[in-house]
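Numbering (full-length UniProt numbering), first residue to last: 1 to 253.
From the three backbone atoms N, C-alpha and C, an ideal C-beta is built for every residue, glycine too.
Just so it is clear, the structure is predicted and the values come from calculations on it, not from any experiment.
Input: a single structure, listed below in structure tokens.
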């Protein structure tokens, strides 16, 4: 087993069980305890877990995938404000990629007022919402559907996106770490997000403030590589200063 695969297996086990001993992990991964200790040291250095005597625990600042229903209950007023700002960037006759998630759903609800858009989405719930509007041409990427979020996230999804040349994409966030890198809990979702970014002329990150200073296993892209980051007001001054120093273009609404 390659080191990266082993780290993912270790990480998943600790997330599921909240903690793990070195002996447990050595048995699961079929390697020596010394190898596991080195793995845990590296993973702690990367900020993924916290070492304790005889094992490791999950870091409380780590995030994992949240069910769609739970997302709908959180920061909805802020997401509406973010969406209103985001749609100002969309012109009639554009090709738009919408990521999955509740913030992008709010963007979708406002895009119906535009004319002659081609909208590609990885979210079956967004596609279902938009399909009744005759002024829009709607595509769902297809691929394996993540049950708890409605997201499409496998190689079929990536292949579909690779055949698109989009004017603009709106990408949602699961986590933004202290290095100002977008990250996600699901490896395939990281690849899907990276692909939609790669095939789009303009790249916009839409996120509420709760996603900052969180960590997740799979890094995607640095925030400075987005044309603009749209977030809600109230972001910590320390984070804002760091973003300015790193050259991140952020709009607070």
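Under the Cβ criterion (8 Å, minimum of three pairs), the region 208-220 counts as touching the region 163-177. Its Cα nearest to that of residue 105, the residue 81 stands out among 116, 81, 182, 95. Around the C-beta of residue 11, 16 or more other C-beta atoms lie within 10 Å, and the residue is accordingly described as buried.
Boundaries of the beta strand (DSSP E) harbouring residue 170: 166-172, taken from the DSSP string.
Listed in chain order, the non-local C-beta contacts of residue 137 below 6 Å within the same chain comprise 118, local neighbours out to five positions each way being set aside.
Secondary structure of residue 212 (DSSP, three-state): strand. Beta-bridge analysis with DSSP links residue 152 to 145. Comparing alpha carbon positions, the residue from 130, 197, 121, 232 closest to residue 210 is 232. In this structure, DSSP gives residue 108 a helical state, which the three-state scheme calls helix. Residue state for residue 188 is assigned as helix, using DSSP reduced to three classes. Nearest to residue 239 by C-alpha distance, out of 213, 251, 225, is 213. According to the DSSP secondary-structure assignment, residue 181 is paired through a beta bridge with 222.
Sorting 201, 150, 26, 46 by C-alpha distance to the C-alpha of residue 167 places 201 at the top. DSSP, reduced to helix, strand and coil, places residue 162 outside both helices and strands of the structure shown, so it counts as coil.
If you check the CB distance, residue 99 and residue 114 do not come in under 7 Å.
Using a C-beta cut-off of 8 Å, the region 47-56 makes contact with the region 12-28, since at least three inter-stretch Cβ pairs fall below that distance. The straight-line gap separating the alpha-carbon atoms of residue 49 and residue 227 is approximately 32 Å. Counting of Cβ neighbours within 10 angstroms places residue 39 among the buried residues, the total reaching 16 or more. Across the structure, residue 146 and residue 14 are spaced so that their CA atoms are roughly 21 Å apart. Rounded to whole angstroms, the gap between the alpha carbons of residue 203 and residue 197 is 6 Å.
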